[in-house]
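See below for the structure under consideration.
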Amino acid sequence: MLESKRIEMLDFPICQHGEGPIWHSERQSAFWVDILSDQIIEYSWANKTISQYAAPKMVSAIFEIADDLSNLIITYQGGVGIYDLQTQQVELLDDLRIEWLETRCNDAAIDPDGNLWFSTTHIDHQEAAGALYRYDSYGKLDKVLSDVSISNGPCWSPDGKFLFHTDSGYRRINSYEFQGANLKALPFQIEVSEGVGFPDGMCMDSDGVLWVAIWSGFRIVGIDTNKLTDKISFHQEAIGNSSWLVHDVLDLPIPQVSSCCFVGPDLDHLLVTSSRKDLSQEDLEKYPDSGKVFIIKMNSKGLALAPYKKKFKL
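Residue 39 in the UniProt record's numbering is what sits at position 39 of the sequence shown, and the numbering runs on without skipping anything.
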């Protein structure tokens, strides 16, 4: 368990399905979403205050737009849009030309060049029913990967040359050579053994350690993407049989750890979201902090992520 001095737990709000944490550098705030409550949440770092915003249905990801304090680019059940924090209204940019009745967006990220990467998934996470897309800074949409089940990530190596992407249902994190809208699959994969949990949202620190939320696993695992190992240690068992070196394990008092992101002016805190989705009343009594956000003081710093570099007018 984490030392109490390293971890802060926010008692409010309690999310039904917390996801998508980001650091907004211009507002000096952390944001995250509650997908099942259709809410965007903002935490002011200096004032330690919470603001809540009504969001479109099943909002799944939100990001800072360069040189824009009052609008976010967001993904939700319906497509990609621009969200106005003052009016709490969204303007649709692209509906992907798909049927949304049984589909929603899932995890997303901004690449080093300022383009949006996001995914879709079936409402019940049917196998191979989703896709990974790239929405560039000019508003051009490309489908990058098809037949995806539960897409999480992606995130990039510190040098921007490699992309890591999770299809959570397969308990596998795949790596790719990053070539703009094109990905070249690499043979290096991070496998999470059955019984350990499912790799969910993730983020990268400046040393190349990939911090992965383990759904049903009570933890965040830091995996050094620079090193392989054939040694089995206590930390190594946290992801099972993978040969990638486990750098650290952050145990948490909740089973459904959903995502994480480096936040704060120095990017030296890890904000972790969690979920109450599908937990029984007995589970909730056993794990009453499910759905809360945790902020952990880290020994490493996160990568400064680019905002979405919007180059078109509405």
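Positions of the beta carbon are idealized from the N, C-alpha and C atoms, including for glycine.
Could you spell out the range, first to last residue, of the alpha helix (DSSP H) harbouring residue 85? That residue, residue 85, is in no alpha helix (DSSP H); it is neither H nor E in DSSP.
What ranges does the beta strand (DSSP E) occupy inside the region 139–173, keeping only unbroken runs of at least 3 residues that lie completely in it? 141–148, 151–156, 162–167
Count the CB pairs spanning the region 85–104 and the region 294–306 that are closer than 8 Å, and state whether there are at least three. no
Could you say which of 267, 200, 68, 101 lies nearest to residue 255 if we only look at CA atoms? 200
Can you give, in chain order, each stretch of the beta strand (DSSP E) that sits fully within the region 169–212 and has at least 3 residues? 172–179, 182–191, 198–204
Taking 7 Å as the limit between beta carbons, can you name the residues of its chain near residue 14, skipping five residues before and five after? 291, 292
Can you tell me whether residue 138 is buried or exposed, with buried defined as 16 or more other CB within 10 angstroms of its CB? exposed
On the CB-based measure, 16 or more other CB atoms within 10 Å of its CB, does residue 125 come out buried or exposed? exposed
Is the separation between the beta-carbon of residue 308 and that of residue 63 shorter than 8 Å? yes
Can you grab the Cα-Cα spacing for the pair residue 311 / residue 305, in whole Å? 18 Å
Endpoints, the alpha helix (DSSP H) within which residue 277 is located: Unbroken run through residue 277: none, as it is neither H nor E.
Could you check what DSSP says for residue 52 in three-state terms: helix, strand or coil? strand
The alpha helix (DSSP H) enclosing residue 284, as first and last residue numbers: 281–286
Quick one: residues in its chain with C-beta nearer than 8 Å to the C-beta of residue 108, no 5 flanking neighbours on either side, listed in chain order? 20, 60, 61, 63, 75, 116, 117, 118, 119
Return the bridge partner residues of residue 22 from the DSSP annotation. 31
Does DSSP put residue 72 in a helix, a strand or coil? strand
Between the CA atoms of residue 218 and residue 278 - distance to the nearest angstrom: 16 Å
Indicate whether the contact test is met: 3 or more Cβ pairs, each with one atom in the region 188–198 and one in the region 208–228, closer than 8 Å. yes
Mapping DSSP to helix, strand and coil, what is residue 6? helix
Expressed to the nearest angstrom, what Euclidean distance is found between the alpha-carbon atoms of residue 132 and residue 178? 14 Å
Starting from the Cα of residue 264, find the closest Cα among 300, 283, 282 and give me that residue. 300
Under a three-way DSSP split, which group does residue 44 fall into? strand
Between which residues of its own chain and residue 335 is the CB-CB distance below 6 Å, once the five residues before and five after are set aside? This structure cannot speak to residue 335, because the chain is shown only from 1 to 314.
Report yes if the C-beta distance between residue 180 and residue 164 is below 8 Å; otherwise report no. no
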